[in-house]
Amino acid sequence: MQKVFQYYLQQGIVWKIIPDNENTNQILVEIRQQVLWQTQFLFIDVKKNIFFEFQLPENWWISPVLLSNNKAYFYFYANSEKPIPTELWVFDLLEKKIITQSNDIEIDANITEKKIDWYQNINYYEENGEYFETLSKFIKMKNNEKNINVIKNIGYIENNDNLIINFFSKKENILHENLWITDKKGNIIYEEKNSINENFYIGERIYMLEKKLLYLKQKTEILIYQL
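For the sequence shown, the residue numbers in this note's numbering are 1444 to 1670.
Here it is in structure tokens:
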């Protein structure tokens, strides 16, 4: 396993991840600062080691919907009271500029066709829900600490070679977010443990694309591992 990308946000938190629908190395990240009502975007090409942040003329009522062929597609919302897109904006990632602003919000079906499966074998199990207790027992069995409580939810990915488990734990009123990567026999080959606060419970935190694992660490750091 090898870490192939790391990026720490100077401001804001990760709001949304948009993978390219053809290129397994390209990702678009939506970053929002709620207090300032500001939105930035981060483009990542893991293979070429290219990454840069950019902003659009609209600071808040804009949201990415698609990444394809070096172009990012956004919906603009003119009426904050109605969550209905009114314009389609297209940003060219090579030229780093908007090339389309249109009232026609339909995107060509040939572009929107999903050719790769980003959310590959990912499951999130909520506390008191199906499989949560089974995974909690496995975590406690593998954990060297005593009196650890697994809480909230567990993210779980399984492929032919690895198990990836992302879970929250609480011990003596201290909260942690944990990432485990095991071999196919369940032996832990990599682990991270970070103190957190209540705000980090919400949202997906691990993503899988072929042999790449993307991990959102406390929503402010993006880590990509080649498994």
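For glycine and all other residues, C-beta sits at the position ideal for the given N, C-alpha and C.
{"Check": "Could you check whether N1596 and E1569 sit closer than 8 Å to each other, using their CB atoms as the reference points?", "Outcome": "yes"}
{"Check": "Going by DSSP, name the residue or residues bridged to Y1668.", "Outcome": "K1446 and L1656"}
{"Check": "Under 6 Å Cβ to Cβ from I1487, same chain only, skipping five residues before and after it: list those, please.", "Outcome": "I1470 and F1494"}
{"Check": "Let me know if T1438 comes out buried or exposed under the rule of 16 or more other beta-carbons within 10 Å of its beta-carbon.", "Outcome": "Absent from the structure is residue 1438, since the part of the chain shown begins at 1444 and ends at 1670."}
{"Check": "Between the stretch 1519-1527 and the stretch 1494-1511, do at least 3 Cβ pairs fall closer than 8 Å?", "Outcome": "yes"}
{"Check": "What is the rounded straight-line gap between the Cα of L1531 and the Cα of D1551?", "Outcome": "12 Å"}
{"Check": "Okay, do the stretch 1660-1669 and the stretch 1575-1588 touch, 3+ Cβ pairs below 8 Å being the bar?", "Outcome": "no"}
{"Check": "For a quick check, are the C-beta atoms of I1456 and Y1650 less than 8 Å apart?", "Outcome": "no"}
{"Check": "Looking only at its own chain, which residues have a Cβ that is under 6 Å from the Cβ of R1475, when we skip the five neighbours before and after it?", "Outcome": "G1455, W1458 and T1482"}
{"Check": "Could you check what DSSP says for E1569 in three-state terms: helix, strand or coil?", "Outcome": "strand"}
{"Check": "What residue ranges within the stretch 1572-1642 form continuous alpha helix (DSSP H) runs of no fewer than 4 residues, ordered along the chain?", "Outcome": "1575-1585"}
{"Check": "Under the DSSP definition of a beta bridge, which residues are partnered with Q1469?", "Outcome": "D1488"}
{"Check": "Using 10 angstroms around the beta-carbon of F1611, count the other beta-carbons present and answer buried if the total reaches 16, otherwise exposed.", "Outcome": "buried"}
{"Check": "Check whether the Cβ atoms of K1660 and N1640 sit closer than 8 Å, and answer yes or no.", "Outcome": "no"}
{"Check": "Does the beta-carbon distance from I1565 to I1600 come in below 8 Å?", "Outcome": "yes"}
{"Check": "What are the partner residues of E1496, as DSSP defines its beta bridges?", "Outcome": "L1485"}
{"Check": "Tell me where the alpha helix (DSSP H) around T1555 begins and ends.", "Outcome": "A1552 to T1555"}
{"Check": "Compute the Euclidean distance between the alpha carbons of T1625 and I1541, then round it to the nearest angstrom.", "Outcome": "43 Å"}
{"Check": "According to DSSP, is I1403 helix, strand or coil?", "Outcome": "Nothing in the structure corresponds to residue 1403, since the chain is present only between 1444 and 1670."}
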